[in-house]
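As you go down the protein sequences, you meet chains D and F in turn. So the first sequence is numbered by the numbering used here: it starts at 2 and just counts up by one. So the second sequence is numbered by the numbering used here: it starts at 2 and just counts up by one. Beneath this line is the structure, given in structure tokens, with notes to follow.
There are 2 protein chains.
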Amino acid sequence: MNDLTEIKKIIVKKPLKLDCGQEISNFPLAYETYGKLNENKDNAILVFHALTGDQFASGINPITKKDGWWKHALGPGKAFDTEKFFVISANVIGGCMGSYGPSTINEITNKPLGTDFPVITINDMVNAQYNLLDFFKIETLFAVAGGSMGGMQVLQFVSNFPYKAKVAVPIACTSSHSAQNIALNELGRQSIMADINWQNGSYREREKSPDKGLAVARMAAHITYLSKKGLQEKFGRKLQERDDLKFSFDADFQIESYLRHQGAAFVDRFDANSYLYITRAMDYFDLTKKFDGNLSKAFANSKTKFFVISFTSDWLYPTSESRDIVIALNAIGANVGFVEIKSDKGHDSFLLDVPDFLGTLKNYLSSTYKK
Amino acid sequence: MNDLTEIKKIIVKKPLKLDCGQEISNFPLAYETYGKLNENKDNAILVFHALTGDQFASGINPITKKDGWWKHALGPGKAFDTEKFFVISANVIGGCMGSYGPSTINEITNKPLGTDFPVITINDMVNAQYNLLDFFKIETLFAVAGGSMGGMQVLQFVSNFPYKAKVAVPIACTSSHSAQNIALNELGRQSIMADINWQNGSYREREKSPDKGLAVARMAAHITYLSKKGLQEKFGRKLQERDDLKFSFDADFQIESYLRHQGAAFVDRFDANSYLYITRAMDYFDLTKKFDGNLSKAFANSKTKFFVISFTSDWLYPTSESRDIVIALNAIGANVGFVEIKSDKGHDSFLLDVPDFLGTLKNYLSSTYKK
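Set out below in structure tokens:
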């Protein structure tokens with residue numbers, strides 16, 4: 002993996018009791034910020050990343066040299082307008098971009114933790130990131146926002162800390178991982194664990210990593226991020242640099258070549274064990290569990306304004322699951338707005354240049370901030 | 002693999018020119034029959050199996066000891082009523098239940114063909130099976146029928162042999178494999194080829210087979226056979242023989258355990274190379290290709306009565322793709338019926354006990370046979 006030494010980190014000294022029962026302390030939490038915190042400290046937004054994201058939400062990621070994952074939404078004049086807002090973005094615990102995770106070196110053995118890392122939850126991720134409020138001495142965030150697993154963190158944050166964010170924007174997410182969601186994540190995990198190089202997670206002590214298994218996991222996930230219609234319009238049955246079928250197992254079709262590329266590029270930037278841990282956290286996510294299956298109770302004390310966003314062609318976290326959140330919020334008279342954005346780009350819409358989404362988000366944030 | 006010596010086979014002596022250019026002859030085609038061919042020889046139905054099916058459509062499969070794949074539809078008094086019809090079912094070439102395929106032994110080298118087997122197409126499969134009409138001395142079939150890849154074979158058969166079937170029943174299928182379909186199949190292939198035991202397809206000469214890769218491929222496919230709603234109703238977030246989450250990578254959820262079982266059971270009965278070849282044939286399927294993109298032309302000379310069936314919750318081959326077939330048939334004034342069956346069971350509905358489907362199919366076949 003890459004050299005992560007120059008990444009910004011806080012060391013969380015305060016003990017954190019994880020859902021699994023284990024207590025951690027003195028652990029690193031890598032973060033990045035965009036824009037400036039104003040004097041009143043009322044312009045801070047905490048954004049949460051999705052499964053394979055990291056703290057580099059905007060600009061060029063110094064490790065991968067690629068654009069940040071929320072480049073369309075975050076920057077000067079954009080929805081998360083860095084001329085107006087101070088945006089904090091952290092790498093989740095369990096991740097592989099500097100925060101405490103399975104690739105963290107165990108200082109005693111001098112080996113990566115691997116599967117000695119504890120199984121974590123979305124709740125643990127959010128509780129770890131809460132420490133950034135203390136670090137920046139922020140009493141109340143203007144907003145928390147995120148898409149996909151980032152949206153789950155938004156919901157968990159507001160449930161855990163009902164007075165700590167004025168606005169919450171959960172995007173393309175769910176309050177409870179469905180059987181299909183779990184099935185798709187399990188598929189990815191099985192693919193990684195089927196790779197002979199995985200070696201029960203201790204591959205970092207060896208020469209080889211489970212790249213093939215991780216690439217297949219990424220291919221599987223990538224298919225779920227796109228809509229059937231979007232795939233058809235972009236790729237259809239177009240051939241890859243050939244006039245006709247080659248009658249072989251090479252990539253005849255552009256979609257095959259595209260997926261192979263997605264898989265190969267992913268293993269350069271992501272750790273297989275992190276993939277296992279983070280998908281596990283997503284599958285464990287069920288915000289209603291602590292509240293007898295009643296989602297409304299998860300937000301009982303919240304004064305937060307909610308703005309729930311979904312996308313028409315997202316079949317991974319379909320609009321119906323966002324609507325369940327809205328219904329639960331309405332049931333307790335919460336301040337909630339809801340918009341379903343028309344897009345053929347599937348679940349990935351929240352990361353892409355979807356003008357209706359970006360414009361709606363920008364309008365909501367800027368008008369709510371003024372009030 | 003199992004001993005296939007007692008399986009019924011014809012040896013096709015007549016040369017068959019494959020789409021890839023290669024010519025094959027003297028190849029085995031394994032088949033099974035149900036019911037009796039009547040004197041007029043007007044009661045024969047040729048059914049085509051799907052990706053992982055075989056010739057054992059009904060009764061107990063003597064190799065796997067499991068029920069045949071179309072047990073709900075085929076038998077005395079059922080839709081394919083064996084008291085009335087003579088049903089022929091063949092293992093596709095490329096398959097692994099006795100027909101010519103990658104596990105066929107090359108008599109010169111005494112090794113399985115592996116990837117020396119040619120890349121085949123749905124057209125090749127259908128042309129190979131046409132030899133069964135000669136074998137049984139059947140001039141005209143009463144019907145051809147099949148679901149999923151079986152439905153593709155139905156469409157191809159009628160296009161190739163416009164006067165050879167009175168009735169055609171393509172179920173839960175498409176006339177052209179979509180980008181998403183290709184993507185999902187490519188995922189399965191990459192999973193198999195990522196398994197270190199695949200060894201470029203020569204694993205049968207060695208001790209180990211690519212079972213892990215094939216199991217992951219099966220898991221991926223299995224998810225696509227079920228609907229999101231069906232999965233949620235059947236599994237939801239139910240735990241597997243435990244009171245609470247175990248904070249590990251074991252199968253906490255029933256859906257995980259179920260998928261692992263599906264994967265593990267599959268490798269006992271199916272050959273990894275066959276999986277590669279058959280998915281490739283599906284991806285190559287585009288009935289419009291030879292006809293300048295005009296599907297109607299594929300059926301221009303057909304006198305066949307069509308009965309197209311789709312299922313509401315099938316997202317792999319959604320109703321819209323069946324509707325495209327119906328529109329193309331209507332455009333040439335073909336005799337075509339179409340029904341979309343309401344079912345939460347997803348693509349697999351055509352294999353399951355879905356009374357509306359089975360009843361509709363039975364009524365259609367029996368009433369059409371009388372006329």
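The C-beta atom is built at its ideal place from N, Cα and C for all residues, glycine as well.
Around the C-beta of residue 44/D, 16 or more other C-beta atoms lie within 10 Å, and the residue is accordingly described as buried.
Listed along the chain, the chain F residues whose CB falls inside 9 angstroms of the CB of residue 174/D amount to none; the nearest CB is some 15 angstroms away.
Residue 234/D counts as exposed, since fewer than 16 other beta carbons sit within 10 angstroms of its beta carbon. Pairing residue 187/D with residue 242/F gives a Cβ-Cβ distance that is not under 8 angstroms.
Counting along the chain, residue 337/D sits inside no alpha helix (DSSP H); it lies in the beta strand (DSSP E) bounded by residues 336–342. Taking the C-beta atoms as reference points, residue 211/D is found no nearer than 8 angstroms to residue 266/D. For the region 244–275 of chain D, the set of positions with a beta-carbon nearer than 9 angstroms to some beta-carbon of chain F reads 246, 247, 248, 249, 250, 252, 253, 254, 255, 256, 257, 259, 260, 261 and 264 in chain order.
If you draw a straight line from the Cα of residue 159/D to the Cα of residue 297/F, it is about 56 angstroms long.
With its beta carbon less than 8 angstroms from one in chain D, residue 190/F belongs to the interface.
Taking C-beta separations shorter than 6 angstroms and ignoring five residues to either side along the sequence, the partners of residue 192/D in its chain run 214, 217 and 218, following chain order. For residue 163/D, the closest C-alpha among the options 108/D, 111/D, 300/D and 239/D is that of 300/D. Here the region 317–330 of chain F makes contact with the region 174–187 of chain F; the two share three or more CB pairs at distances below 8 angstroms. Fewer than three beta-carbon pairs drawn from the region 13–25 of chain F and the region 236–253 of chain F are found closer than 8 angstroms, and the two stretches are therefore not classed as touching. Scanning chain D for C-beta atoms nearer than 8 angstroms to the C-beta of residue 21/F yields 248, reported in chain order. Assignment of beta-bridge partners to residue 264/D by DSSP yields no partner.
Judged by pairs of C-beta atoms under 8 angstroms, the region 128–137 of chain F does not touch the region 55–63 of chain F, as fewer than three such pairs exist. Not a single C-beta of chain F is nearer than 8 angstroms to the C-beta of residue 96/D.
Residues of chain F whose Cβ lies closer than 8 angstroms to the Cβ of residue 233/D are, in chain order, 179, 180 and 181. For residue 147/F against residue 48/F, the beta-carbon gap comes to about 6 angstroms, under 8 angstroms, which counts as contact.
Excluding residues up to 5 positions away in sequence, 185, 317 and 348 lie with their Cβ nearer than 7 angstroms to the Cβ of residue 225/D in the same chain. Taking the Cα positions, residue 356/F is about 50 angstroms away from residue 109/F.
A straight-line Cα-Cα distance of about 40 angstroms links residue 9/D and residue 334/D.
Counting along the chain, the unbroken beta strand (DSSP E) around residue 33/D starts and ends at 28–35.
Looking at the DSSP output, residue 18/F bridges to 24/F.
Neighbours of residue 197/D in chain F, taken as residues whose beta carbon is under 7 angstroms from its own, are 197 in chain order.
Classified as exposed, residue 360/F has fewer than 16 neighbouring CB atoms from the shown chains inside 10 Å of its CB.
For the set 81/F, 70/F, 284/F and 287/F, the Cα lying nearest the Cα of residue 53/F is the one of 70/F. Secondary structure at residue 49/F: strand, using DSSP grouped into helix, strand and coil. Sixteen is the threshold: since fewer than 16 other Cβ atoms of the shown chains lie within 10 Å of the Cβ of residue 77/D, the residue is exposed.
Residue-level contact by beta carbon fails for residue 102/D and chain F, as no gap is shorter than 8 angstroms. Taking the Cα positions, residue 99/D is about 55 angstroms away from residue 155/F.
For residue 240/F, DSSP records a beta bridge to 254/F.
In this structure, the straight-line span from the alpha carbon of residue 276/F to that of residue 96/F is close to 8 angstroms. A direct Cα-Cα distance of roughly 6 angstroms separates residue 358/F from residue 342/F. Within chain D, the C-beta atoms nearer than 7 angstroms to that of residue 214/F come from 195, in chain order.
In the structure shown, residue 314/D falls within a coil segment according to DSSP collapsed to helix, strand and coil.
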